[in-house]
Amino acid sequence: MTTMIPWRRGTEPSVGATAAATDRVSLRVAELADAPLLYRWRRAQSVRRFQPLRDVSVAQLRADIQAHADGDLFAGRGERFQWMIERNDRAVGWITLVVGNWEHGLAELGYALAPEAQGKGTMSQALTQLMPDLLVRSPIERIEARCAVGNVASSRVLEKLGFVREGTLRQYFRLHGERVDHYLYALLRSDYIPRLE
1 MTTMIPWRRG TEPSVGATAA ATDRVSLRVA ELADAPLLYR WRRAQSVRRF QPLRDVSVAQ
61 LRADIQAHAD GDLFAGRGER FQWMIERNDR AVGWITLVVG NWEHGLAELG YALAPEAQGK
121 GTMSQALTQL MPDLLVRSPI ERIEARCAVG NVASSRVLEK LGFVREGTLR QYFRLHGERV
181 DHYLYALLRS DYIPRLE
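FYI, my numbering numbers position 165 of the sequence shown as 165, with every residue one higher than the one before it.
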C-alpha cells in the first residue's frame, strides 16, 4: 500500500512525497497538538537512558514545532523537520532531521520511541519509509546519526538501514553525569540509491 505523506504542515503533499506505508506503521508531520506527548516521552527513563535530552516545557515544545513549520524538505528550505511515528493510527514516537548545510547536503537524524513501542521493529519500519524522501527526493546527500556505544538497539536499526559506522566519538555526550562514547554512523545517497535498483 502506498500513502502520500505531506512533509509540509498544512499543505498537500509535496511533489514526489510518497512513501510506502505498512499496515502497521506510518509517518506524519509533527503538529502543535503533539507537544504533550513529546513532553511525556522525553521524560521516560527508557528514552533518556541513551539521550541527553534537556528538560523543556510543553509550551517550549509547541514553540519549537511552530518555529519550524515553514520548512520544505524538497525545496531545500528549513533547518529542522520532525515527524510523528504512528502504529495503527496511534502516535508512538518521533523522528527529527536537522539540516546542517543545504549547500553540501548534510543532515543529522535523531529518533525515539515511547516505552510501550520499543523492541517491535517500529523504528526500522518508520525510517525505511522516510529514507527515499530524504536521500532520493530531497537535496540531502549525507545523513549522520549518533548513538551511545551501549545503545545496541539503535545501532541495529541504523545498520539494518545501511548506515555505516564511521568511528567512535570518545566521551561525546554527558549522560547521567558521566561522559559516554558514541558511534558515528552515516548513510550516503551514493550508497543508498544503488540498493533501490
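Glycine included, every Cβ here is placed at the ideal spot set by N, Cα and C.
What are the start and end residues of the beta strand (DSSP E) that includes Trp41?
Element bounds for Trp41: not the beta strand (DSSP E) but the alpha helix (DSSP H), Ala35 to Arg43.
Which whole-angstrom value is the C-beta distance of Gln118 and Ser57, which I expect to be below 8 Å?
Gln118 to Ser57, Cβ: 25 Å. No contact.
Among Asp181, Leu113, Leu184 and Val164, which one has its Cα closest to the Cα of Tyr192?
Val164
Taking just the CA atoms, how far does Asp89 sit from His176?
34 Å
Would you call the segment 148–161 and the segment 180–195 in contact, with 3 or more CB pairs under 8 Å?
yes
Any chance the segment 30–44 sits against the segment 134–144, with 3 or more Cβ pairs inside 8 Å?
no
Selected residue, minimal CA-CA separation from Ala69, among Arg179, Gly105, Ala107 and Arg28
Arg28
For Gly167, which residues in the same chain have their Cβ closer than 6 Å to its Cβ, ignoring the five residues on either side in sequence?
Leu184
Kindly list the residues whose CB is nearer than 6 Å to the CB of Met84, restricted to its own chain and excluding five residues on each side of it in sequence; keep chain order.
Arg28, Ala30, Asp34, Ala91 and Trp94
Find the nearest neighbour of Glu141 within the set Glu178, Ala67 and Glu108, judged by alpha-carbon distance.
Glu108
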